[in-house]
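Novice: Below you'll find the structure I mean.
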Amino acid sequence: MKLPHCQELITKVSKGVLYITLNRPHKKNAMNLALVNELISVVDCVKDKRSIRVIVIRGAENNFCSGGDISGMNFDGASETHDPMWLFNRTFGKMITLVNSAPQVVVTVLEGVVLGGGIGLACISDVAIADINTKFAMPETRLGIVPAQIAPFVVSRIGLMQTRRLTLLGESIYGEEAKALGFVHYVTQNQDELETQLKNVIVKIMLCAPEANALTKKLILQVGLVEHEQLLDEAASYFCNSLKNEGKEGTAAFLEKRSASWIN
Amino acid sequence: MKLPHCQELITKVSKGVLYITLNRPHKKNAMNLALVNELISVVDCVKDKRSIRVIVIRGAENNFCSGGDISGMNFDGASETHDPMWLFNRTFGKMITLVNSAPQVVVTVLEGVVLGGGIGLACISDVAIADINTKFAMPETRLGIVPAQIAPFVVSRIGLMQTRRLTLLGESIYGEEAKALGFVHYVTQNQDELETQLKNVIVKIMLCAPEANALTKKLILQVGLVEHEQLLDEAASYFCNSLKNEGKEGTAAFLEKRSASWIN
Amino acid sequence: MKLPHCQELITKVSKGVLYITLNRPHKKNAMNLALVNELISVVDCVKDKRSIRVIVIRGAENNFCSGGDISGMNFDGASETHDPMWLFNRTFGKMITLVNSAPQVVVTVLEGVVLGGGIGLACISDVAIADINTKFAMPETRLGIVPAQIAPFVVSRIGLMQTRRLTLLGESIYGEEAKALGFVHYVTQNQDELETQLKNVIVKIMLCAPEANALTKKLILQVGLVEHEQLLDEAASYFCNSLKNEGKEGTAAFLEKRSASWIN
Numbered sequence: 076m077k078l079p080h081c082q083e084l085i086t087k088v089s090k091g092v093l094y095i096t097l098n099r100p101h102k103k104n105a106m107n108l109a110l111v112n113e114l115i116s117v118v119d120c121v122k123d124k125r126s127i128r129v130i131v132i133r134g135a136e137n138n139f140c141s142g143g144d145i146s147g148m149n150f151d152g153a154s155e156t157h158d159p160m161w162l163f164n165r166t167f168g169k170m171i172t173l174v175n176s177a178p179q180v181v182v183t184v185l186e187g188v189v190l191g192g193g194i195g196l197a198c199i200s201d202v203a204i205a206d207i208n209t210k211f212a213m214p215e216t217r218l219g220i221v222p223a224q225i226a227p228f229v230v231s232r233i234g235l236m237q238t239r240r241l242t243l244l245g246e247s248i249y250g251e252e253a254k255a256l257g258f259v260h261y262v263t264q265n266q267d268e269l270e271t272q273l274k275n276v277i278v279k280i281m282l283c284a285p286e287a288n289a290l291t292k293k294l295i296l297q298v299g300l301v302e303h304e305q306l307l308d309e310a311a312s313y314f315c316n317s318l319k320n321e322g323k324e325g326t327a328a329f330l331e332k333r334s335a336s337w338i339n
Numbered sequence: 076m077k078l079p080h081c082q083e084l085i086t087k088v089s090k091g092v093l094y095i096t097l098n099r100p101h102k103k104n105a106m107n108l109a110l111v112n113e114l115i116s117v118v119d120c121v122k123d124k125r126s127i128r129v130i131v132i133r134g135a136e137n138n139f140c141s142g143g144d145i146s147g148m149n150f151d152g153a154s155e156t157h158d159p160m161w162l163f164n165r166t167f168g169k170m171i172t173l174v175n176s177a178p179q180v181v182v183t184v185l186e187g188v189v190l191g192g193g194i195g196l197a198c199i200s201d202v203a204i205a206d207i208n209t210k211f212a213m214p215e216t217r218l219g220i221v222p223a224q225i226a227p228f229v230v231s232r233i234g235l236m237q238t239r240r241l242t243l244l245g246e247s248i249y250g251e252e253a254k255a256l257g258f259v260h261y262v263t264q265n266q267d268e269l270e271t272q273l274k275n276v277i278v279k280i281m282l283c284a285p286e287a288n289a290l291t292k293k294l295i296l297q298v299g300l301v302e303h304e305q306l307l308d309e310a311a312s313y314f315c316n317s318l319k320n321e322g323k324e325g326t327a328a329f330l331e332k333r334s335a336s337w338i339n
Numbered sequence: 076m077k078l079p080h081c082q083e084l085i086t087k088v089s090k091g092v093l094y095i096t097l098n099r100p101h102k103k104n105a106m107n108l109a110l111v112n113e114l115i116s117v118v119d120c121v122k123d124k125r126s127i128r129v130i131v132i133r134g135a136e137n138n139f140c141s142g143g144d145i146s147g148m149n150f151d152g153a154s155e156t157h158d159p160m161w162l163f164n165r166t167f168g169k170m171i172t173l174v175n176s177a178p179q180v181v182v183t184v185l186e187g188v189v190l191g192g193g194i195g196l197a198c199i200s201d202v203a204i205a206d207i208n209t210k211f212a213m214p215e216t217r218l219g220i221v222p223a224q225i226a227p228f229v230v231s232r233i234g235l236m237q238t239r240r241l242t243l244l245g246e247s248i249y250g251e252e253a254k255a256l257g258f259v260h261y262v263t264q265n266q267d268e269l270e271t272q273l274k275n276v277i278v279k280i281m282l283c284a285p286e287a288n289a290l291t292k293k294l295i296l297q298v299g300l301v302e303h304e305q306l307l308d309e310a311a312s313y314f315c316n317s318l319k320n321e322g323k324e325g326t327a328a329f330l331e332k333r334s335a336s337w338i339n
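Residue numbers (the numbering used here), protein chains in the order written: chain Z, 76 to 339; chain D, 76 to 339; chain G, 76 to 339.
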């Protein structure tokens with residue numbers, strides 16, 4: 076598979092999984108505009124490729140991401156649309172929105188620090204795995220800055236209640252609390268466990284039919300945005316579509332006690 | 076009280092409680108279209124009967140419900156409205172939507188397996204009690220099918236974050252985790268505790284005034300659907316309505332240190 | 076600073092913090108209309124004063140608030156707008172809505188009882204600290220009354236799922252469960268710990284820039300109310316505004332390893 080050439084990311088495809096590594100370890104993988112644009116290109120490039128069933132996002136050298144790279148910021152820009160700083164900031168939100176709706180199952184592997192924009196990415200992953208010592212924080216307001224493209228995704232992930240506290244106090248939390256608050260699904264005790272958990276998650280995803288998963292993800296992302304009865308009407312069409320394609324194979328495999336065709 | 080005649084359900088009314096048992100134990104109470112339509116009829120039949128204050132839903136022979144009965148599925152149907160499979164699927168959502176807004180307090184007793192459509196029902200109960208060993212899962216995507224009429228109710232119940240994981244991995248969880256994730260309110264250690272918890276819940280519901288409960292439930296179901304100020308305006312009217320009827324009796328009983336008239 | 080004169084509240088300003096004490100201890104600080112109107116006046120009075128960065132709300136004599144004062148209720152009022160009881164009730168919702176959107180960080184200190192309207196206030200605080208023995212309940216329906224101006228804020232705080240149970244059963248919960256359900260952020264073991272936690276929270280808030288905090292709070296309160304892309308557009312403007320004012324100072328202070336100007 077031909078992926079866009081990247082400077083700030085390392086990409087690899089193996090057995091239906093696209094692995095993306097944020098690769099600016101000298102800055103704990105702080106995201107500059109180039110990195111953000113590369114993420115957009117790569118995820119967009121595979122959006123119609125159902126042979127890619129999982130996207131794993133992690134950071135180089137055992138840190139996930141320390142946020143936006145403030146060394147690239149120009150503090151005297153205007154606050155209007157098309158101002159370079161406005162666009163710089165807005166592009167983060169564009170990227171997170173795009174990854175949020177990727178038809179693949181998106182898995183984030185959260186080690187070291189997960190700060191600011193790093194939290195934004197974690198918040199839209201379908202499965203998030205964190206080490207017990209991973210640090211999560213939105214320190215923006217301590218720097219006098221609004222976590223503008225991040226906070227809305229945090230509210231969607233963990234609710235307004237804890238977002239108030241974390242954004243307005245700039246407090247740090249760690250693995251177990253991140254799980255309790257609803258940032259992450261799994262917390263592991265060390266690097267070995269982390270890699271094992273990642274493998275197990277991928278195995279489970281591969282048990283699920285790719286088109287059924289893509290339709291299911293599309294459906295659940297619409298809850299609250301599309302009127303209830305209308306959404307259930309659409310959902311019934313998704314059901315029928317899945318039933319006559321993958322569903323026919325899946326239920327046949329189940330009754331015949333064999334693996335379905337999409338399982339390696 | 077005259078209830079609709081049922082083939083797939085057992086119904087009983089006792090002391091203000093309507094007990095409904097899903098009764099297809101040979102299929103772990105998988106729901107076919109007949110069962111779904113019977114549930115609709117029974118719940119609809121009591122919707123204006125305020126003498127019924129609680130609806131308890133459980134499954135025969137210590138299983139709640141194993142989902143939709145796939146043996147009734149026709150895999151070659153079209154995905155258009157009025158297609159029989161479309162209607163079959165859509166009727167589940169219709170039933171869950173109806174039970175969700177029943178003016179009575181709906182209690183689910185969750186034993187054995189709670190799969191697919193069973194989770195949908197659990198997700199709209201006002202009080203859910205599960206055994207510690209009860210298994211919850213949405214295995215649909217492993218069969219190549221979209222959990223179409225279920226997933227939206229799961230998002231409303233436990234949020235998008237855990238719904239992503241459970242639908243896209245098909246993972247099973249058990250009693251304690253189901254409580255931590257927000258599926259159920261109470262987890263009990265064995266059958267005796269389960270029945271005791273159910274009795275205690277019913278006792279507490281009976282302390283609350285039936286009309287006040289019905290109005291309160293109507294109110295909280297509208298949050299997010301009706302504009303905030305408008306909802307609070309309506310709520311103030313609910314308040315005044317309750318105050319001059321049950322509220323007069325309830326506060327008098329409180330001041331006179333006696334039981335209110337609605338307490339047996 | 077000149078604050079409105081109050082009969083039912085004690086107010087004090089010290090080092091950027093406005094302390095408000097509900098002061099009707101003979102009624103466990105039950106709120107009458109006068110108290111509610113005073114709260115509105117005081118919070119409204121400081122809304123453009125960025126020198127006030129924190130509002131701490133607590134109750135006199137180790138109780139937070141026992142709800143609305145039912146001794147002031149007239150049970151025979153009509154349920155129409157402009158009826159005195161309608162207005163009495165609606166004013167609670169007006170007050171809670173106002174405090175919810177205060178640009179300052181609102182901290183509630185929850186001791187003793189937090190009932191009915193007291194829960195409403197707790198539910199809109201940015202940071203809530205409770206003692207382990209603090210009792211939370213919405214007993215309204217046991218009195219035959221709808222928790223009309225409260226329940227919608229409870230749904231927004233802890234979700235529909237637990238709101239169903241708490242409103243329809245009238246059940247009480249205590250500190251640890253209140254934290255697990257998402258009412259409060261911190262639970263302390265005794266009075267000393269409570270005061271220490273309050274001090275620590277204030278210290279952390281003071282590390283954050285006041286305007287960045289106000290903009291961040293404004294932003295997160297709009298999630299779900301403003302369309303996603305439009306909200307991110309606005310957010311990018313907030314970002315640019317913060318960057319060229321407090322952000323310039325904050326990042327300079329960070330790079331120079333000194334305290335920012337807003338830290339005492």
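Ideal placement from N, C-alpha and C gives every residue a C-beta, glycine not left out.
Only a predicted model underlies this, so the values are computations on that prediction, with no experimental measurement involved.
Using the beta-carbon count (16 or more within 10 Å), is N339/D buried or exposed?
Specialist: As a first step, residue 339/D must be located in the second sequence, where it is residue number 264. Looking at its Cβ environment, which holds fewer than 16 other Cβ atoms inside 10 Å, N339/D is exposed.
Novice: What did DSSP end up calling F211/D once you bin it into helix, strand or coil?
Specialist: As a working note, residue 211/D is residue 136 in the second sequence. Reduced to three states, the DSSP call for F211/D is strand.
Novice: So that I know if they touch, is there some Cβ in chain Z lying closer than 9 Å to that of T326/G?
Specialist: Mapped onto the third sequence, residue 326/G falls at position 251. So yes, T326/G belongs to the interface.
Novice: Label M170/G either buried or exposed according to how many other C-beta atoms from any shown protein chain fall within 10 Å of its C-beta, with 16 as the threshold for buried.
Specialist: Numbered from 1 along the third sequence, position 95 holds the residue referred to as residue 170/G. So M170/G counts as buried.
Novice: As a quick exercise: from L97/G, A212/G, V131/G, pick the residue whose alpha carbon is nearest that of N275/G.
Specialist: Here the question's residue 275/G lines up with position 200 in the third sequence. The candidate whose alpha carbon is nearest that of N275/G is V131/G.
Novice: Contact between the stretch 82-89 of chain Z and the stretch 105-117 of chain Z is defined here as three or more beta-carbon pairs at a separation below 8 Å; is this criterion met?
Specialist: The stretch 82-89 of chain Z, when compared against the stretch 105-117 of chain Z, does touch it at the 8 Å Cβ threshold.
Novice: Over what stretch of residues does the beta strand (DSSP E) that includes R133/G continue unbroken?
Specialist: Residue mapping note: residue 133/G aligns to position 58 of the third sequence, counting from 1. Per DSSP, R133/G belongs to the beta strand (DSSP E) from 129-134.
Novice: Within its chain, find whatever has a CB closer than 7 Å to the CB of Q237/D; leave out the 5 residues flanking it on each side and keep chain order.
Specialist: Taking the second sequence and counting its residues from 1, one reaches residue 237/D at position 162. The residues are L256.
Novice: Following the continuous alpha helix (DSSP H) through D267/D, name the residue where it begins and the one where it ends.
Specialist: Numbered from 1 along the second sequence, position 192 holds the residue referred to as residue 267/D. D267/D -> alpha helix (DSSP H) spans 266-282.
Novice: So which of A327/D, C315/D, C120/D, G325/D has the shortest CA-CA distance to A223/G?
Specialist: Locating residue 223/G in the third sequence gives position 148, counting from the first residue. The shortest Cα separation from A223/G among A327/D, C315/D, C120/D, G325/D belongs to C315/D.
Novice: Taking 9 Å as the CB-CB limit, is E251/Z close to chain G?
Specialist: Reading the first sequence from its first residue, position 176 is the one you call residue 251/Z. It does not: the Cβ of E251/Z has no partner Cβ on chain G nearer than 9 Å.
Novice: Quick one: residues in its chain with C-beta nearer than 7 Å to the C-beta of G192/Z, no 5 flanking neighbours on either side, listed in chain order?
Specialist: Reading the first sequence from its first residue, position 117 is the one you call residue 192/Z. Same-chain partners within the cutoff: M106, C140, G142, G143, F167, I225.
Novice: Using a cut-off of 7 Å between C-beta atoms, extract the partners of E246/D located in chain Z.
Specialist: Taking the second sequence and counting its residues from 1, the one referred to as residue 246/D is at position 171. Ordered by position in chain Z, the residues that pass the 7 Å Cβ test against E246/D are K279.
Novice: Please report the residue range of the beta strand (DSSP E) in which A177/Z lies.
Specialist: For this step, residue 177/Z is matched to residue 102 along the first sequence. That residue, A177/Z, is in no beta strand (DSSP E); it is neither H nor E in DSSP.
Novice: Leaving out the 5 sequence neighbours to the left and right, which residues in its chain are closer than 8 Å to A306/Z when beta-carbon positions are compared?
Specialist: In the first sequence, residue 306/Z corresponds to position 231, counting from 1. The amino acid at residue 306/Z is misidentified as Ala; the sequence shows Leu. The answer, listed in chain order, is L294, Q297, V298.
Novice: Contact defined as beta carbons within less than 8 Å: I believe L243/D pairs with D201/Z. What is the distance between those atoms, to the nearest angstrom?
Specialist: Looking up residue 243/D in the second sequence gives position 168. Looking up residue 201/Z in the first sequence gives position 126. L243/D to D201/Z, Cβ: 5 Å. Contact.
Novice: If contacts are defined as beta-carbon pairs under 8 Å, then A203/G and F258/G qualify, I think. What distance do you get, rounded to the angstrom?
Specialist: Here residue 203/G corresponds to residue number 128 of the third sequence, with the count starting at 1. Here residue 258/G corresponds to residue number 183 of the third sequence, with the count starting at 1. Confirmed, about 6 Å.
Novice: Shortest alpha-carbon distance to I207/Z belongs to which of V278/Z, V118/Z, N137/Z?
Specialist: Here residue 207/Z refers to the residue found at position 132 of the first sequence. Checked all of V278/Z, V118/Z, N137/Z; the closest Cα to I207/Z is N137/Z.
Novice: Considering only their Cβ atoms, is the gap separating V188/Z from K103/Z smaller than 9 Å?
Specialist: By one-based count along the first sequence, residue 103/Z stands at place 28. By one-based count along the first sequence, residue 188/Z stands at place 113. It is a contact, given that the beta carbons lie within the stated cut-off.
Novice: Taking Cβ positions only, does I130/Z come closer than 9 Å to chain D?
Specialist: For this step, residue 130/Z is matched to residue 55 along the first sequence. Judged by the 9 Å Cβ criterion, I130/Z is not in contact with chain D.
Novice: What alpha helix (DSSP H) runs, 4 residues minimum, are completely inside the stretch 233-261 of chain D?
Specialist: DSSP runs (the alpha helix (DSSP H)) wholly in the stretch 233-261 of chain D: 235-244, 250-256.
Novice: Tell me which same chain residues have a C-beta within less than 7 Å of the C-beta of S317/G, skipping the five on either side of it?
Specialist: If you number the third sequence from 1, residue 317/G lands on position 242. So the list reads E286, A287, L290, once near-sequence residues are dropped.
Novice: Give every residue of the same chain whose Cβ lies closer than 7 Å to the Cβ of R240/D, excluding the five residues on either side of it in the sequence, and list them in chain order.
Specialist: Working through the second sequence from its first residue, we reach residue 240/D at position 165. So the qualifying residues of the chain are E246.
Novice: Of the residues Q179/D, P227/D, I280/D, which one's Cα is nearest the Cα of P214/G?
Specialist: The count along the third sequence starts at 1 and reaches residue 214/G at position 139. Closest by alpha carbon: I280/D.
Novice: Can you look up N122/Z in the DSSP assignment and give me helix, strand or coil?
Specialist: Along the first sequence, one-based indexing puts residue 122/Z at 47. Reading off the sequence shown, one finds Lys at residue 122/Z, where the question assumed Asn. The answer is coil: DSSP assigns K122/Z none of H, G, I, E or B.
Novice: Assuming S89/Z is part of the beta strand (DSSP E), what are its boundary residues?
Specialist: As a working note, residue 89/Z is residue 14 in the first sequence. Where S89/Z is concerned, the enclosing beta strand (DSSP E) stretches over 84-89.
Novice: Looking at the C-beta of I295/G, does it have a partner C-beta in chain D at a distance below 9 Å?
Specialist: Locating residue 295/G in the third sequence gives position 220, where the first residue counts as 1. Closer than 9 Å: no.
Novice: 9 Å is my cut-off, CB to CB: does L93/G come that close to chain Z?
Specialist: If you number the third sequence from 1, residue 93/G lands on position 18. Not an interface residue.
Novice: Ends of the alpha helix (DSSP H) at T291/D?
Specialist: Numbered from its first residue, the second sequence carries residue 291/D at position 216. T291/D -> alpha helix (DSSP H) spans 285-296.
Novice: Out of curiosity, what's the CA-to-CA distance linking A253/Z and V117/D?
Specialist: Residue 253/Z sits at position 178 when you count from the first residue of the first sequence. Residue 117/D sits at position 42 when you count from the first residue of the second sequence. Approximately 43 Å between the Cα atoms of the pair.
Novice: With DSSP collapsed to three states, give me the class of C315/Z.
Specialist: Counted from its first residue, the first sequence places residue 315/Z at position 240. Three-state DSSP puts C315/Z in a helix.
Novice: Determine whether the beta carbon atoms of V346/Z and L78/Z lie at a separation below 9 Å.
Specialist: Lying before the first or after the last residue shown, residue 346/Z is absent from chain Z, which here runs from 76 to 339.
Novice: Do Y261/G and K210/G come within 9 Å of each other at the CB atom, strictly closer than that value?
Specialist: On the third sequence, position 135 is the one that residue 210/G refers to. On the third sequence, position 186 is the one that residue 261/G refers to. No, the Cβ-Cβ distance between K210/G and Y261/G is not below 9 Å.
Novice: Can you find a CB in chain D that lies within less than 9 Å of the CB of L269/Z?
Specialist: For the purposes of this step, residue 269/Z is taken as the residue at position 194 of the first sequence. By this cut-off, L269/Z is not an interface position.
Novice: Going by alpha carbons, who is nearest to Q179/Z out of T263/Z, R165/Z, Y94/Z, S231/Z?
Specialist: Working through the first sequence from its first residue, we reach residue 179/Z at position 104. Comparing Cα positions, the closest option is Y94/Z.
Novice: Can you list, in chain order, the residues of the stretch 304-323 of chain G whose Cβ is nearer than 9 Å to any Cβ on chain Z?
Specialist: If the cut-off is 9 Å between Cβ atoms, the stretch 304-323 of chain G has E304, L306, L307, D308, E309, A310, A311, S312, Y313, F314, C315, N316, S317, L318, K319, N320, E321, G322, K323 near chain Z.
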